[in-house]
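Taking the UniProt record's numbering, I'd label the letters of the first sequence as residues 1 to 353.
The C-beta atom is built at its ideal place from N, Cα and C for all residues, glycine as well.
This one's a predicted model, so the numbers in the text were calculated from it and none came from an experiment.
Okay, so here's the structure we're looking at.
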Amino acid sequence: MPVCDPTALSQSLLAWYDRAGRTLPWRKKGGAAADPYHVWLSEVMLQQTTVVVVAPYFLRFLERWPTVAALAGASSDEVMHAWAGLGYYARARNLHACAKVVAEWRGGAFPDDEESLRKLPGIGDYTAAAIAAIAFGRRAVVMDGNVERVMARLFAVSEPLPAAKPRLKALAASLTPDLRPGDYAQAVMDLGATLCTPRNPACGICPWMAACDGRKQGIEAELPAKLAKAERPTRHGVMFWAARKDGAVLLRRRPPQGLLGGMMEIPSTPWRESPWQADELAAEQPLAAPWRPLPGLVRHTFTHFHLELRLVAGKASSNATPLGIWVALDKLGDHALPSVMNKVIRHALAKAY
DNA sequence: AAAACGTGGTC
DNA sequence: TGACCAAGTTT
Numbered sequence: 001m002p003v004c005d006p007t008a009l010s011q012s013l014l015a016w017y018d019r020a021g022r023t024l025p026w027r028k029k030g031g032a033a034a035d036p037y038h039v040w041l042s043e044v045m046l047q048q049t050t051v052v053v054v055a056p057y058f059l060r061f062l063e064r065w066p067t068v069a070a071l072a073g074a075s076s077d078e079v080m081h082a083w084a085g086l087g088y089y090a091r092a093r094n095l096h097a098c099a100k101v102v103a104e105w106r107g108g109a110f111p112d113d114e115e116s117l118r119k120l121p122g123i124g125d126y127t128a129a130a131i132a133a134i135a136f137g138r139r140a141v142v143m144d145g146n147v148e149r150v151m152a153r154l155f156a157v158s159e160p161l162p163a164a165k166p167r168l169k170a171l172a173a174s175l176t177p178d179l180r181p182g183d184y185a186q187a188v189m190d191l192g193a194t195l196c197t198p199r200n201p202a203c204g205i206c207p208w209m210a211a212c213d214g215r216k217q218g219i220e221a222e223l224p225a226k227l228a229k230a231e232r233p234t235r236h237g238v239m240f241w242a243a244r245k246d247g248a249v250l251l252r253r254r255p256p257q258g259l260l261g262g263m264m265e266i267p268s269t270p271w272r273e274s275p276w277q278a279d280e281l282a283a284e285q286p287l288a289a290p291w292r293p294l295p296g297l298v299r300h301t302f303t304h305f306h307l308e309l310r311l312v313a314g315k316a317s318s319n320a321t322p323l324g325i326w327v328a329l330d331k332l333g334d335h336a337l338p339s340v341m342n343k344v345i346r347h348a349l350a351k352a353y
């Protein structure tokens, strides 16, 4: 049997998968049917996020909201709070919106085909294919970063991403079997995650080594080629640490769309490319107060820019009624604060008292 | 269709 | 220290 035969390749991969058997929290056990709710929840969390980070969030969500109907019944703030720290918060907004559609319009049943799944909020090409294959046993071509890398190497595709995507998908489709599509989808992704890794691929123990053109040509480590990314600019902001007499500090909610949309924040100036001057703060302050600069700065890096935040502290008079909520220091954990805001809070607690 | 959108770990 | 990267989607 020639090693380039698609059936032989998919079979050898499935054999490897059965033998290696990574145990992941969302994976069905002992031949049990995969629960579409579990598959959907895990796949949305796994978008651009590592297994290690997702696992505890997945278990926490499932414990708190055992069904899609339960999740649909949660408040927006509860969901955002539970998602805090995972990043890409549009996913949480779309997750909740999707849960409502499925629970209210479909009686809690997820659609079982790619085309219908694709219409739901937060479900794109990858997630639709993954749910169709893993939860419903449908043959679907699952394309994520792992599969792109594995295909680029296996077939020695040197054309850089993202232009190579259609070709890579066609190659992946040529290998996707009719049998055990869900296991096969997870097997290719596992191969990319554990052996065919971005750096130092473990070709020596790869079930596809004999067939791998990239390996034969000695270019596996250079693949997939990628276009250079744009530079990240640096933006600047000033955070207002407003403390009331009883110690409570001021938080407010960010606008529902855009960066950190719907999450809570320490009141801030906008984040712009030019640093802020002291005489500009009066026009940006959440309440009128004398502001005292705190030493040091908080650095944070987002996907597309670096951020440098300075802090100013002020005391709020008791009759101040700003747009926001006052939160006791020991209750800050009760709110939907993204990681960058927790960084700011840690800094303020260290410097302002 | 290019750009926006988080975070933490790794080398 | 910093660039790269992770089971992508939306506009």
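Residues sharing a beta bridge with residue i, DSSP
i	result
A243	V249, K315
W326	L250
S268	M239
V298	L309
L161	K226
P177	None, per the DSSP bridge assignment.
R346	Beta-bridge pairing links R346 to no other residue.
P293	V312
Given residue i as reference, the closest of the options once Cα atoms are compared
i	options	result
I131	E148, V147, K119, D113	D113
R215	A248, T49, P233, M151	M151
P201	A187, G218, T49	G218
I325	L307, P286, E63	P286
S273	I266, T234, F110	Looking at the sequence itself, residue 273 is Glu, so the reference to Ser does not match. Ranking the options by Cα distance to E273, first place goes to T234.
T321	Q277, R244, S339, R199	R244
F58	L323, G30, A211, P25	P25
H38	R64, P256, A242	R64
A316	A248, P198, P338	A248
A225	P111, L161, A70, H96	L161
A164	E148, H335, E280, A173	E148
D330	D246, V101, W291	D246
Y88	T50, E115, V101, R118	T50
residue 361	T23, A70, R138	No information on residue 361 is available, as it lies outside the stretch 1 to 353 that the chain covers here.
D144	R153, S174, G192	G192
C4	R93, M209, A133	M209
A221	P198, I134, A135	P198
E284	D334, A140, R27, S268	S268
K229	C203, T303, G204	T303
Contact test: residue i Cβ vs the ligand MN heavy atom, cutoff 7 angstroms
i	result
L86	This structure lacks the ligand MN, and indeed carries no ligand of any kind.
Cβ separation of residue i and residue j, assumed to be a contact under 8 angstroms, to the nearest whole Å
i	j	result
V44	T127	6 angstroms
G108	V68	5 angstroms
L294	K351	4 angstroms
C98	L120	5 angstroms
R254	H306	Between H306 and R254 the Cβ distance is about 19 angstroms, and since that is not below 8 angstroms, they are no contact.
G314	A289	4 angstroms
L251	V327	5 angstroms
Ordered list of alpha helix (DSSP H) runs contained in the region 49–99, each at least 4 residues = 51–64, 68–73, 76–83
Give, in chain order, every unbroken run of the beta strand (DSSP E) that is at least 3 residues long and sits entirely within the region 180–247.
-> 234–243
Indicate whether the contact test is met: 3 or more Cβ pairs, each with one atom in the region 257–272 and one in the region 290–301, closer than 8 angstroms.
-> No: fewer than three Cβ pairs fall under 8 angstroms.
How about the region 174–188 and the region 16–26: do they share at least three Cβ pairs that are nearer than 8 angstroms?
-> yes
When the Cβ atoms of the region 5–13 are set against those of the region 173–180, are three or more pairs found closer than 8 angstroms?
-> Proximity of the region 5–13 to the region 173–180 meets the contact definition, three or more beta-carbon pairs being nearer than 8 angstroms.
State whether the region 73–84 contacts the region 164–172, with contact taken as three or more CB pairs (one from each stretch) at a distance under 8 angstroms.
-> no
Should the region 97–106 be regarded as contacting the region 81–88, the criterion being three or more beta carbon pairs within less than 8 angstroms?
-> no
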